[in-house]
Amino acid sequence: MEEMNLNEMKDLVLNYVIKEYIDDDDVTITYETPLISSGYVDSFSMVSLLVFLENKFKIKIPPSKATPEAFDNVNSIVALVNQYLK
Amino acid sequence: MISMPDHFTYDELSRDFSWSIAEKELEYKPGDRINIGWYCSDRICLKGHAEKTALHYEGFGGVEKKYTFNDIRLAGNTIGTFLRGLGINDGDRVCLFMDRIPELYLSFLGILKIGAIVQPLFSAFGDESLFVRLENAQTRAVITQKKHLPKVRKIRSQLPHLEYVIIVDGVKASDLEKGEVLFSLEKSEPVENLDIHPTTAESPSVLHYTSGTTGQPKGVKHVHYSLISQYLTTKWVLDLRNEDIYWCTADPGWVTGTSYGIIGPWSLGITQCVLDSGFSAQAWYKFIEKHRVTVWYSAPTAIRSLMKAGDEIVKSFDLSSLRHLASVGEPLNSEAVIWSERVFGKPFLDTFWQTETGSIMITNFPGMKVKPGSMGKTFPGIRGTVLDPVTYAPISEHGRAGLIAFQPGWPAMMRTYWNNPEKYRDKFVNGWYLSGDRASIDNEGYYWFIGRDDDVINTGGHLVSPFEVESALLEHPAVGESAVTSKPDEINMEVVKAFITLKPGFAQSPDLELDIMNFIRKKLSPLAMPQAVEFMEKLPKTRSGKIMRRVLHAKEWGEEIGDISTLEND
């Protein structure tokens, strides 16, 4: 995978979240929008988001780190991903 | 208004028990009219509690709304009048397809008041899950929100019985399609008087859908008389008292959210709180602290998620208002019971019941000795046992595993499966209702859960049919064959796992796995989404070609595979 800067990573995750989990066209999702605590992404669907991150960034995130808090917005997700990028 | 059984023990309440206790308290006599919508609102107002708070709603981002019992009475009248104006009649099915917004709870009352049947469906259902349930029920109207409208529109043309799609928020009149109607409770003139439909004990009330091992989901038909056992079990097991602030965390798309998230508390005139947002330990504890919740009815999956969040976070909140905690949906493990006693100062008490039973059947009764990990004892008036799986005779030996069964006759027992009397009859053997779960009973009458007696997957307290997921998987362009079973999960007890073979021309890859997961999530629901997909060269089958799910299940759970003499060989 080509090296990405932080904003490119955030946009990649943001676009995926909007495409896969947001049905309402009127909802605006930003890097800070709460995803789990707001109910936009439920705890079951979080697993598919985890698989997306692991596939896309070729990383393995331990289950103990894949918490609702860590997945609650794009910024925190990318911060988590960065911990496991070589 | 409510006399509580504080000073009575389980044994005392069991002695000379009769459901007429509830009938008397509700001032109902056999043959009278009985309407759940009226009992949950008008009657409470007539008893002098019109200005008491019935519902304290909180949405994400701090949006709050409060409704008194008079408000919910008027709202039920207004919605009922609106539906009647559309031509909705008694016996018609009206689906509620909404998040946990106030209109969901208030429409529930309005539909019942006019004698129509409420069909609550989980708003996270995908279009396929929605379609099969609306088609089976021949639903005449769906009440929904703008955000869920795309799923309804996608299937609308295939549902000839669906005349109205009623949207309660956010759509401009100019954007409506044929058969879509706007309804705003806030903009409607409150209706003071509504002729309540003269429903009687056996009039249908609620149609919940549940999944089985085979075939499509089944509509479980309940009647207005279910109120009798929902009222009494709420009062005795959840121990609700006049001054309580009650929080049931279940979504009314599932039976707990209606039996104990609407009917039970409101028929008792209790104030309840609703939190409509995603899960986070911080948000939940903050909600309890803010609303001074006293009685909390939740689920093992949520409790285990709270455990995972740790003990420290609990200390950041004042949770001293909590008086009584109960749990439902799946077996509550002993660690969770012990943990809750340590951090909250009181244990979560497990309760067991099902969509079909309509009300609590086995429970850890308040004041009763708690055996962590046990389901408790049968509710007074419920005759339960475990049956030998071969002879279906009751097992008298303590500790021996059998099928949990109940003798029919309690008020909230389902009356049939919608359009499926054969499946309904199959649930009874030798006069016993078969729950589909296995347990043993100890020498003190406590039930100990063992597992399902079929292939149905109980994930996070919700039943998922492997058949339904397997069928949906076959619609994915890459999938040749599919088998679905459960795999162990620390939080949800078990989750869905799919085993698939690919059609020629497709190669396994992580991206394909994700694509298959999302395909099922959108088509059925997030609950049904396989949390793992295993690609196989071929699936284990009998010589006659039937897929042997149990071989895959045993592999996932590290169990003995058992007899594989019928397994197909190369």
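Order-wise, the sequence lines are chains L and R.
If you're matching positions, the first sequence starts at 89 in our numbering and goes up one per residue.
If you're matching positions, the second sequence starts at 16 in our numbering and goes up one per residue.
Don't be surprised by glycine CBs; every beta carbon is placed ideally from N, CA and C.
All values reported here derive from a predicted model rather than from experimental measurement.
Straight-line gap, residue i to residue j (C-alpha atoms, nearest Å)
| i | j | result |
| --- | --- | --- |
| residue 346 of chain R | residue 100 of chain R | 45 Å |
| residue 170 of chain R | residue 24 of chain R | 53 Å |
| residue 216 of chain R | residue 130 of chain R | 12 Å |
| residue 277 of chain R | residue 264 of chain R | 11 Å |
| residue 382 of chain R | residue 251 of chain R | 11 Å |
| residue 19 of chain R | residue 339 of chain R | Low per-residue confidence applies at residue 19 of chain R: pLDDT is 43, beneath 50, and the placement is therefore not dependable, though the value from the model is reported in the following sentence. Going by the C-alpha atoms only, they are around 14 Å apart. |
| residue 149 of chain L | residue 93 of chain L | 20 Å |
| residue 435 of chain R | residue 241 of chain R | 20 Å |
| residue 107 of chain R | residue 132 of chain R | 6 Å |
| residue 310 of chain R | residue 156 of chain R | 35 Å |
| residue 64 of chain R | residue 375 of chain R | 27 Å |
| residue 402 of chain R | residue 203 of chain R | 54 Å |
| residue 43 of chain R | residue 49 of chain R | 7 Å |
| residue 145 of chain L | residue 165 of chain L | 12 Å |
| residue 100 of chain L | residue 529 of chain R | 16 Å |
Buried/exposed call for residue i, threshold 16 Cβ in 10 Å
| i | result |
| --- | --- |
| residue 33 of chain R | exposed |
| residue 16 of chain R | The predicted position of residue 16 of chain R is uncertain, since its pLDDT is 39 and thus under 50; a value taken from the coordinates is nonetheless stated next. By the 10 Å Cβ count, residue 16 of chain R comes out exposed. |
| residue 229 of chain R | exposed |
| residue 441 of chain R | exposed |
| residue 153 of chain L | exposed |
| residue 98 of chain L | buried |
| residue 173 of chain L | exposed |
| residue 102 of chain L | buried |
| residue 223 of chain R | buried |
| residue 502 of chain R | buried |
| residue 395 of chain R | buried |
| residue 489 of chain R | exposed |
| residue 52 of chain R | buried |
| residue 92 of chain R | buried |
| residue 214 of chain R | buried |
| residue 443 of chain R | exposed |
| residue 473 of chain R | buried |
| residue 156 of chain L | buried |
Segment limits, alpha helix (DSSP H) that includes residue i
| i | result |
| --- | --- |
| residue 537 of chain R | 525 to 538 |
| residue 35 of chain R | 35 to 40 |
| residue 306 of chain R | 296 to 306 |
| residue 551 of chain R | Run containing residue 551 of chain R: none; DSSP gives neither H nor E here. |
| residue 251 of chain R | 242 to 251 |
| residue 568 of chain R | 564 to 572 |
| residue 107 of chain L | 94 to 109 |
| residue 317 of chain R | 315 to 324 |
| residue 282 of chain R | 279 to 282 |
| residue 271 of chain R | 270 to 273 |
Element boundaries [beta strand (DSSP E), containing residue i]
| i | result |
| --- | --- |
| residue 496 of chain R | 494 to 504 |
| residue 79 of chain R | 79 to 83 |
| residue 513 of chain R | 508 to 517 |
| residue 465 of chain R | 462 to 467 |
| residue 341 of chain R | 339 to 342 |
| residue 130 of chain L | Looking at the DSSP string, residue 130 of chain L is not in any beta strand (DSSP E), and its letter there is neither H nor E. |
| residue 457 of chain R | From DSSP, residue 457 of chain R is part of no beta strand (DSSP E); its letter is neither H nor E. |
C-beta contact flag for residue i and residue j at 8 Å
| i | j | result |
| --- | --- | --- |
| residue 137 of chain R | residue 540 of chain R | yes |
| residue 337 of chain R | residue 37 of chain R | no |
| residue 392 of chain R | residue 461 of chain R | yes |
| residue 74 of chain R | residue 292 of chain R | yes |
| residue 370 of chain R | residue 343 of chain R | no |
| residue 119 of chain L | residue 161 of chain L | yes |
| residue 128 of chain R | residue 286 of chain R | no |
| residue 422 of chain R | residue 453 of chain R | no |
| residue 109 of chain L | residue 133 of chain L | yes |
| residue 61 of chain R | residue 206 of chain R | no |
| residue 372 of chain R | residue 427 of chain R | yes |
| residue 329 of chain R | residue 308 of chain R | no |
| residue 14 of chain R | residue 261 of chain R | In the structure as shown, chain R starts at 16 and stops at 585, and residue 14 of chain R therefore has no counterpart that could be examined. |
Whole-angstrom C-beta distance between residue j and residue i, which should lie under 8 Å
| i | j | result |
| --- | --- | --- |
| residue 545 of chain R | residue 512 of chain R | 6 Å |
| residue 130 of chain L | residue 543 of chain R | No, residue 130 of chain L and residue 543 of chain R are not in contact; Cβ-Cβ is about 12 Å, not under 8 Å. |
| residue 563 of chain R | residue 516 of chain R | About 14 Å; that fails the 8 Å criterion. |
| residue 200 of chain R | residue 158 of chain R | About 11 Å separates the two Cβ atoms, so there is no contact after all. |
| residue 177 of chain R | residue 154 of chain R | 6 Å |
| residue 274 of chain R | residue 478 of chain R | About 16 Å; that fails the 8 Å criterion. |
| residue 237 of chain R | residue 113 of chain R | No, residue 237 of chain R and residue 113 of chain R are not in contact; Cβ-Cβ is about 20 Å, not under 8 Å. |
| residue 117 of chain R | residue 72 of chain R | 5 Å |
Closer than 7 Å at the beta carbon, the chain A residues around residue i
| i | result |
| --- | --- |
| residue 533 of chain R | In the displayed structure, chain A is absent; the protein chains listed are L and R. |
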